[in-house]
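Under the working numbering, the very last position in the sequence shown is 311; numbers go up by exactly one each time.
For every residue, glycine included, the Cβ atom is placed at its ideal position computed from N, Cα and C.
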Amino acid sequence: MQQKATPDVLFQLEHVVKEYGDKVILDDIDLSIGRGELVTVVGPSGCGKSTLLRLVIGQESPTRGNLYIEGGEVGPPNPDRGVVYQHYSLFPNLSTLDNVTVNRRLALYPWQWRQSRKAIYEEGMAYLERVDMADHAHKYPAQLSGGQRQRVAIAQALIQKSKILCMDEPFSALDPGTREALQMFVLELWEETKMTIFFVTHDLEEAVYLGTRLVALSQYYTDDRVDVASRGAKVVVDRQFCSGDRAMSPAIKATAEFAETIQEIRLQAFDPSHTQHISEFDLSHPHSISIQSGPVHRSPKCLAGTLNGSG
Ligand SMILES: Nc1ncnc2c1ncn2[C@@H]1O[C@H](COP(=O)(O)OP(=O)(O)OP(=O)(O)O)[C@@H](O)[C@H]1O
Ligand SMILES: [Mg+2]
């Protein structure tokens, strides 16, 4: 099925429901992701964040509803959608450079690889330089730190020139210092490339710090349905944050406004005793879609704008 392509919308989920057996996991998700957005997705453990990411990649199909990329229906996984997971996706028996170029190599016949090997390795080195790993090109994964391996995994995804880079808890296994360094690295990369990033994390601080848009999924809400066996997660928060200076400065994490934002979202999405009615969801992003009333048109809450005194 084709959908009318809208130039600034890259990815669209339309009434997406995902069930496993008789359990509803994702309950009517409508989301429209613009080109160049850095979308962070948070929510309580088990609410369906990874399930949503697998739907975006095409590893799973929705029970109902549709997913579109550039107006065309999302099919099985392909290089359009690059992925970085928490646990390293590197082959232990390949060097850093071979890991970064492996997908290129696998797409070629041996004679084609022999012909283009030099150019592909040069390209691989350029991506390794971009993630500051060129000096480690000939090491094997076991000789790298966790943070270095994740940089290589990011280069492995970047070389595919994906339209959307999907990341599922990519830094969760790292120590706090390395994690913060890689958060800044992702922001720098995003500033440089303005690529569309779909970043799943259970860490609310990470989500507020990184995202130009924060989407919170939660199963803690009420609605007017009666006799519903199980309510799955919905988008209960969809906020826009400004990019720019604040993105580069971890100092923002120490501000009162940052702490307040986290507290608000924690209450809205993570607190089982705080169940908002669906009409009260915090859908202030300009492209938010209210399940009740269609597109919402409200002014965005802009964290950086407020910090800069302009919001
Ligand atoms: N293949 C599957 N078959 C059956 N149930 C599944 C399957 N995959 C996930 N689930 C269930 O779907 C729910 C959502 O899982 P998911 O992994 O998407 O959650 P999550 O939000 O990513 O959690 P976490 O924060 O712990 O990573 C869970 O209850 C999980 O047990
Ligand atoms: Mg998960």
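Buried or exposed for Thr193, please, with buried defined as at least 16 other CB atoms from any protein chain shown within 10 angstroms of its CB.
exposed
Just to check, is the beta-carbon of Ile25 closer than 7 Å to a non-hydrogen atom of ligand 1?
yes
Do Pro62 and Val16 count as a contact pair if the criterion is CB distance below 8 Å?
yes
Drop a sphere of 10 angstroms on the beta-carbon of Gly294, count the other beta-carbons inside from all chains shown, and report buried for 16 or more, exposed for fewer.
Residue placement at Gly294 cannot be trusted, given a pLDDT of 49 that sits under 50; what the coordinates show is reported in the next sentence. When all chains shown are included, Gly294 counts as exposed.
Limits of the unbroken beta strand (DSSP E) element including Thr196:
Thr196 to Val200
Look up Phe258 in the DSSP assignment and say whether it is helix, strand or coil.
helix
When you measure from the CB of Asp168 to every non-hydrogen atom of ligand 2, does any distance come out below 7 Å?
yes
Taking the Cβ atom as the reference point for each residue, do Pro286 and Gln240 lie within a distance shorter than 8 Å?
yes
Quick one, what's near ligand 1 if you take every residue whose CB is closer than 5 Å to any heavy atom, in chain order?
Tyr20, Ile25, Ser45, Gly46, Cys47, Gly48, Lys49, Ser50, Thr51 and His202
Excluding the 5 residues flanking Asn103 on each side, which residues of the same chain have their C-beta closer than 8 Å to its C-beta?
Pro79, Gln156, Ile159 and Gln160
Would you check if the stretch 18-34 and the stretch 133-146 touch, i.e. whether three or more CB-CB distances between them fall below 8 Å?
no
Assign Pro110 to one of two classes, buried (16 or more other C-beta atoms within 10 Å of its C-beta) or exposed (fewer than that).
exposed
What's the call for Thr222, buried or exposed, on a 16-neighbour Cβ count within 10 Å?
exposed
If you drop the 5 nearest sequence neighbours on each side, which residues of the same chain put their C-beta closer than 6 Å to that of Glu206?
none
Roughly how many angstroms lie between the CA atoms of Gly71 and Phe281, to the nearest whole one?
27 Å
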